[in-house]
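Some notes on the structure that comes next.
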Amino acid sequence: QVQLVESGGGLVQPGGSLRLSCAASGIIFNVYAMNWFRQAPGKQRELVARITSGDTTNYLDSVKGRITISRDNAKRTVYLQRNNLQPEDTAVYYCNASGTIGDFWGQGSQVTVSS
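Here's what the structure looks like:
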C-alpha cells in the first residue's frame with residue numbers, strides 16, 4: 295500500500311519560514327519524481343516545485359527565490375523549504391509521487407500565513 299504522509303504545516307507570520315516533509319512508503323522512492331502542489335481556497339491546485347529522480351528541480355515562477363525542494367532517498371522523504379512566506383502562500387500543500395507506474399498523493403498539510 296502506497297502512503298505519502300506530509301508534516302510540518304501550521305500557522306506562520308508573514309516573512310516567516312517553514313519546512314514541509316513528505317515521507318513515502320510502498321513505492322521505490324528513488325525512481326519517482328516528487329512534486330509539491332498547493333491549493334488555496336477557491337483556486338485550482340497548482341504545482342509549486344518538482345524534483346526528478348536525477349535531482350533536477352523546477353519551481354513555479356511566482357515563488358522562485360523563496361522555495362527549495364530537496365529529497366533524501368535513504369529516508370524516502372522529500373522536503374519543501376519555504377521562506378519569506380506571505381499571506382498569498384496560504385494553502386493546503388500536497389505531496390505527489392509521479393512515475394511510470396502511477397501517481398500518488400498525500401493527504402495535504404495546511405499552511406496558514408497570518409499575523
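Residues in the sequence shown are numbered from 295 upward in steps of one, following the working numbering. Glycine residues also receive a C-beta, built at the ideal position from the N, C-alpha and C atoms.
| query | result |
| --- | --- |
| Close-in-space but distant-in-sequence residues of the same chain around Gln375 (CB under 6 Å, 5 per side omitted) | Arg313, Thr362 |
| Residue of Ala343, Ala334, Ser408, Gln295 minimising C-alpha distance to Gly320 | Gln295 |
| Range of the contiguous beta strand (DSSP E) that encloses Gln297 | 297-301 |
| Closest Cα partner of Ile322 within the set Val405, Asp366, Pro381 | Asp366 |
| Beta bridge counterpart(s) of Val386 as assigned by DSSP | Gln333, Gln404 |
| Own chain, CB closer than 7 Å to Gln307, minus 5 neighbours either side, in chain order | Ser409 |
| Beta-carbon proximity check, Ser315 vs Tyr373, cutoff 7 Å | yes |
| Beta-carbon separation (whole angstroms), Ser403 vs Asn329, contact threshold 8 Å | Going by Cβ atoms, the distance from Ser403 to Asn329 rounds to 14 Å, so no, they are not a contact pair. |
| Residue range of the unbroken beta strand (DSSP E) whose run includes Ser315 | 312-319 |
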